[in-house]
Amino acid sequence: MYGLVNKSIQNLVETNFGPDKWEAIKLKSGIDIDYFISTQPYDDSVTFKLAVAASEVLGISVDEVLVAFGEWWILKTSMEKYGGLMQAGGNNLKEFLMNLPLFHDRIMMIYPKLTPPEFKISEVEDNSLVLHYFSKREGLVSFMRGLLLGLGKLYESPVTLEHTLSKTTGSDHEAFKVSW
Amino acid sequence: MVICQGSSLQKLLGDIQKKRFDKLFEIVRPGNVSHKLDHLKNLENQTILLKIKDRDNLLFRGQFDYYPDSKLLMFWGTPWFNSIEEVVETNLSLSDFAPVDPLIDLLHLVKNHELVTEDLKHLVDTVNVQKEKLKELSYVASANSNGILYTDEKGNITYVNQGFLKMTGFEEKEVLGKTPVELGKGPETDLEEIQKMLQAFFSLQPFKVELKHYRKDGTWFWARINGQIMRDNEEKFLNCFSLIEDITEEKKSKERLKTFEQTFQKVLEFSGDNVWEHDFRTEKTQFSNLSNNFLGLDVQEATDLAKFWYESIVPEDLTLLQENDRKYRAGEISSHELVYRIRHRNGAVKWVLDRGIVIEKNSKGKPIKIIGTHSDITRQKESEQELLAVNKKLESVLFELKDVIWAVTFPELESIFFTPSAEDLFELKMETIMKDNSWILPLIYEKDHHVFHEIIQEAVEKKEFSRELRLKTSSGKIKWIHVKGRLTEEDGGALRLNGILSDISERKRTEELLEAQENLKNILIELSTTYINMDLQEVDEKIQASLKRIGEFVDADRAYVFSYDLKAMTCSCNHEWCAPGIAPQIQNTQQVSLNDIPEWLEAHRRGESFFVPEVSALKEQGFDQLQGVLEEQGIKSLIAIPMILGKELVGFVGFDSVRHSHKYSQKEVELLFVFAQMLINVQTRKQSELRIIQQEEKFRNIISNMSLGLLEVDNEETVLHANQTFCEMAGYRMEDLIGTKATDLLLTEESKKTLLKKSASRKYGNSDSYELQYKKPDGELRWWHVSGAPNYNDNGQLIGSIGIHLDITAQKKLEKELIRQREEAEKSRRSKELFFANMSHEIRTPMNAIVGMGEQLAKTPLNESQKGYLSAIQVSANHLMVVLKDILDLSKLEAGKMTLEVIGFDLKEVLGRAKKMMTPKAEEKGLSFSIREFDPRISKVLKGDPFRINQIILNLVSNSIKFTKKGKVTMACRLIEDHEQVQVISLEVEDTGIGMDTEFISGDFAKYVQEDSSITRKYGGTGLGLSITKELINLMEGEMRITSQKSEGTQIHIILPLEKGVESDLPVERQEQLSADPLKGKRILVVDDNDFNRLLALTILEQYQVECFTANNGKEAIDKVKSTDLDLILMDIQMPVMDGVKATHFIRNQLHADMPIIALTAFALKGDEQKYLNQGMNGFISKPFQEKDLILAISRVLGHQPEIQEATIESKEPVSEVPRYSLDELNQIAKGNEDFVQKMIEIFCTNAKEGMKEIREAFDSEDYDTVRKVAHKIKPSIKMMRIREISEEVVELEKQILSEKNSPKMTQIILHMEDILQWVVQDIQLNTK
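The listed protein sequences derive, respectively, from chains A and B.
Residue numbers for the first sequence follow my numbering, so the first one is 389 and each next one is one higher.
Residue numbers for the second sequence follow my numbering, so the first one is 23 and each next one is one higher.
Laid out in structure tokens, this is it:
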């Protein structure tokens, strides 16, 4: 992951729980990194360690941490850092989701060290669509969920998610039916 | 002109078709080109920058392509944005850019670049901050006065600060590259500490050591070295950071403090057993002496000593310590000293002296630390307590000491010391005692003054003394004291007398008492010996002597015995003793009036002594006269003891004190009572001896006057003495009798034997009376009654016998006559009974025919006159029956054979019935006849014999009607007494008839007697009525009261006590229907020698469609039984040839025929029925019988037969209201215990069922003994359950089965019992479930 992600986690914790908690989480995670550089790729394990440590320190489940982080990522990090880019993603939720595959294709190009997920869209309706999520990473489904919820909030179109396909049930990817 | 545009462009610029290109766009690069197509087509393959004319900042970058065929120029371009924000502003989105268009990616990268730049800026800031911090740190490090060393992995110093250089005097260059050990180690450096440090260092652990660190100049200082290994991010060794502090001063002060504390502790320990220290900040308490704490407890390091100490404190003392603690904390005290108790582990209580002082205070003056000691002061405390106890004891000993310990100067006898008991003993105040010696001599009893002087002398001569003497105290008490002392010389040569005084009064008194008792004992012995076995001639003399002896003993001046004459109310002196010089008073004291001394007499009557301690004080007590009487005789005090014989006051014995008054001790009084009792005994003896002599004389006179012959013989029957009467009785002279053998007197042979036998029995001490026949010398036979008794001499040896003889010849004659008369009377009674029995039979037999035939005749058609004759016959016959009944009743009453029923009845109904019966008679005579009164309080149900009561009423009423010509006859019934179970009822019959003489009334209604013989003629009747009534009333324990006035009328009251009953006691009248059915077609044999009776029976039976057979006597009957199949036999008893009983026997035993046999008999006396049933008969009919009786009897007997049994039970049970059984008795026993009742019922049911089964089986197999045993066994249950129907039967079964065997009667009984018990068991089970 790029440092941007870890920074975002740091920011999430510090903003919501104070710098002490962040220090505690960092200590707990055993990561000895004082400063995350946004464009530097870090090992995925760093992010996971942080998530696990945050779960322990904050007393919530890892999934909850990831959901919260997903939302945070959309509403705070992306909007702060890449507000324009996000806005360029679409004028509404549906448009944004529809652009998502394109968006990631482009990102993949920009960040050569990034292994971004691949998205596909199907069953597009007026108020719903199915988002297919292909990722080499494991365990980021909840993060995904948080992202989608965050998008719903961003576009002021609260969403309901239906996890229709899952690797845990034998599928080769994850799929969410997103309704707004 | 634009002819076509892309969608994104349309989004940006709107519809620009058909608009001119040059109007819309401006070509920025290449510059200065014409907008004409021809020009533009030449711009192919060049980068073109287009600017939208009205928009400043919107550029398109692209290229033109010209298509010559269609002469079209196409511009391929993409808008150029400087930032992604601009993209957004133009409302474009990602999808508006061609996939090949990297603009958006470029913008993204630009954005990233911005971010990175920002990151870097932050990073630089962070680094800068850290750098500053490091700088600061390094400044601190170098400026630190403590030494700081950095060493590398090998321990070589890489950095040193100023502090270290200053501390050690080295220069930096001398230090760098060296190891700290090389630099600082010196001779006194603790190698162990170095070792510890190196070990930690090489194992990369932090360390802290204290050691002597040498300086460059060779001196050393105490250093504390704190080492810390520093690592980089990868945990690799960076350097070792060591901080070196100079702690020499600290060490020194600590050392000093330690030394001081040790010293202090030692001092403290010296002063206590434990030194403790308490820190208020940590609330920790420490003890110096953990192992040897005096609580004996195993105190561990971890033990919370404060808690432990508090818990050990004896609870009562805990508050002391708590309060102390509070004061410390409040800053109220800064030191303390407490004494309290601690519980040792072994349970012992230890006293602790706890002292403490604050050694450290905070700024507010509150203690931080206190230190103190615990001292075990148990022993000290114990000694203290002991001392106290000893003191107390000593004190109490001194105070309690009865004896007086004293000391006086000698010879002055001034008091030096007297124990407090002296006050009590001397009855003097201590001040008086201590003041001077003036009290001494007056205190000593005058008579013992010489002893005092002797003591002084002895003290001088022998230096010590021991004497007894008496004191006379202010209260007048004489006290015996024992004084023992010693003369001692004090240092200064002064002499003093020390000693001890003991009050020995008690001992002295005891001694005196003992002496007195000894004397008393002696006197008692003396008195006893004097009076026992005393010759009565010497009584006066002995009494005189005793008076003297006892008078002297009790220190009296006069002693006397008086006798009372209570009738004359005087007393007189009988004996008197006076001490020398005392005037006798016996002459003046004869018949002295007791009226002057009532108290005296009263006391004696109560058996108490009369004691006057002070005559002079009598007046004050109100005994003026007594005082006068006594003072005349110069008496100062006296005592008089009553002499009581039995309950009679006979006199008194008294003692006067003339010279001085005297108090009598209890013992003395007791002695005097003994003496008085002895005098009484002597007098009694004297009197009884006199009486014996008189009696002897009297008896002798009686015997000689009563013509009793007295004969005394020795053991050989030789006559020793005979009185005159005996001589006369025997017809011998005295001299002829003396010396002869008594048995040789002219006795009959029989009498001789009797006499010898009696004589022999005398030897065993027997005395008795007997009669014997004596033949006088003149041949006359006389009957003597002899009372003989053995005769003993003084030594109790049998020396013969004495006989008293009375001539009873006349009585004997009389007796014989009486026996004869009695026998005659008996004979007459028997013949009367026989007569009655015969009469009964003789009359009944024809009467049976008359009555019976009358009944049958009445059924036939008769004309009026025939009816009249028949009626007359029936009335006469009925009258005769009444007479007969009366006679029989009376004979029964006389023979005591009359028994009364006790059944429930309604008296009102009985009275009503009597009225109904008698009303026609009264009406006949024109008399008013009514029931005047019936007391409603009379119990509805009473128990008794209603038939006899009816008989009584009828007797009386018919008498009244009979003897009343005009007026009225009334009946009344009143309740007289109402008890819980019994009512006493008065039945009254009143008439206005001829009345009766008082004489006749009081004559008890002799039988067969009417008031005068004319009555019989005039009124008829047997004259038995009232007699029978009277007898019946007597039998009912009632009484009859008659008030009668000749010619005015008679009132008869019958008073009867009757038991109260309840509804269920009333018998249910059996509604027995005469039905022809059971008899129809039965074959019945009528056996009777009386033709009429036979005919009567036949006449009746044939009406019931019975097939009749007849027999004239028992023999014929047997023949008939043999020849004919019979269902039943009616058997007369008295018959010629063979009577009914014998015939029955034969039929049962020889013919083994079991058909029912009913006895027909005129022997209708009580008990007859049973007799016949015992003879094997099944029923009984008394002649004369009525049709109903006969048919019922037959039906009843036949009804027992199984084939019609069911029908009978069915028809009878519902009407039967008399309970077949009752749980009353059981309930009574159970007293409310339901379980018990239930259990008993169960037992009964089981016993009854099994018992009957056993009986049946045993009976069928002819095992009669078992039948008997089982019957015996179930008998009590039947009785207890009150199953009346078979309670007699079971007794009969038990008694008779062995003799009766399988007789019809036994068969019948068993059958009956089976039925009844089966019914009862079923019913009980039905009702109790």
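Even glycine gets a Cβ: it sits at the ideal position worked out from N, Cα and C.
As the structure is a computational prediction, the values presented were derived from the model and not from experiment.
- With 16 or more other Cβ atoms from the protein chains shown falling within 10 Å of its own Cβ, Glu1311 of chain B counts as buried.
- When secondary structure is reduced to three states using DSSP, Ser1008 of chain B falls in the strand class.
- In this structure, Glu175 of chain B sits near Phe259 of chain B, with a CB-CB distance shorter than 8 Å.
- In the structure shown, Gly825 of chain B falls within a strand segment according to DSSP collapsed to helix, strand and coil.
- Distance from the CA of Leu759 of chain B to the CA of Thr706 of chain B, rounded to the nearest whole angstrom, comes to 41 Å.
- Uninterrupted beta strand (DSSP E) stretches at least 3 residues long and entirely within the segment 172-234 of chain B occur at 179-182, given in chain order.
- Residues of chain B with a Cβ closer than 7 Å to the Cβ of Tyr470 of chain A are, in chain order, Lys133.
- Counting C-beta pairs closer than 8 Å gives fewer than three between the segment 831-847 of chain B and the segment 732-741 of chain B, which falls short of the contact rule.
- Interface with chain A (8 Å Cβ-Cβ cutoff): Ile106 of chain B is included.
- Looking at the backbone, the Cα of Gly369 of chain B and that of Tyr362 of chain B are separated by about 16 Å.
- According to the DSSP secondary-structure assignment, Asp525 of chain B is paired through a beta bridge with B:Ile503.
- For the pair Asp212 of chain B and Val380 of chain B, the Cα-to-Cα distance works out to about 37 Å.
- Distances from the CA of Asp1000 of chain B to each of B:Glu1081, B:Tyr89 and B:Gly177 were compared; the closest alpha carbon is that of B:Glu1081.
- In this chain, the alpha helix (DSSP H) harbouring Glu480 of chain B covers His471 to Lys484.
- Using a CB distance below 7 Å, no part of the segment 502-528 of chain A faces chain B.
- Per DSSP, the unbroken alpha helix (DSSP H) holding Val1259 of chain B starts and ends at Glu1256 to Asp1282.
- Contact fails between the segment 1062-1071 of chain B and the segment 955-970 of chain B, because fewer than three Cβ pairs, one in each stretch, are under 8 Å apart.
- If you look at Gly966 of chain B, you'll find it in the beta strand (DSSP E) that goes Leu964 to Gly966.
- With contacts defined as CB atoms closer than 8 Å, Leu542 of chain A and Leu463 of chain A qualify as a contacting pair.
- Neighbourhood of Thr148 of chain B in chain A, by CB distance below 8 Å: Asp422 and Tyr423, in chain order.
- Annotated three-state conformation of Trp460 of chain A is helix, per DSSP.
- In this structure, DSSP gives Trp568 of chain A a state outside helix and strand, which the three-state scheme calls coil.
- Contact annotation: Gly477 of chain A and Phe457 of chain A have beta-carbon atoms that are not nearer than 8 Å.
- Relative to the Cα of Met1303 of chain B, the nearest Cα in the group B:Lys349, B:Thr1288, B:Asp816 and B:Leu1248 belongs to B:Leu1248.
- Not flagged as an interface residue toward chain B: Met496 of chain A, since no C-beta distance is shorter than 8 Å.
- Three or more pairs of CB atoms, one per stretch, sit closer than 8 Å, so the segment 985-994 of chain B contacts the segment 945-964 of chain B.
- Beta-carbon to beta-carbon, Val675 of chain B and Met556 of chain B are separated by about 17 Å, too far to satisfy the 8 Å threshold.
- Closest option to Val924 of chain B, judged by alpha-carbon separation, among B:Asp1087, B:Glu1272 and B:Leu450: B:Asp1087.
- Taking 8 Å as the CB threshold, Asp123 of chain B stays off the interface with chain A.
- Using a C-beta cut-off of 8 Å, the segment 1132-1147 of chain B makes contact with the segment 1165-1180 of chain B, since at least three inter-stretch Cβ pairs fall below that distance.
- Proximity of Glu544 of chain A to chain B, defined by a Cβ-Cβ separation below 8 Å, is not satisfied.
- Interface residue (Cβ-Cβ distance to chain A less than 8 Å): Leu116 of chain B is classified as such.
- Looking at the DSSP output, Ser437 of chain B bridges to B:Val430.
- According to the DSSP secondary-structure assignment, Gln1156 of chain B is paired through a beta bridge with no residue.
- Around the CB of Ala1293 of chain B, 16 or more other CB atoms lie within 10 Å, so the residue is classed as buried.
- The DSSP-derived three-state label of Val1219 of chain B is helix.
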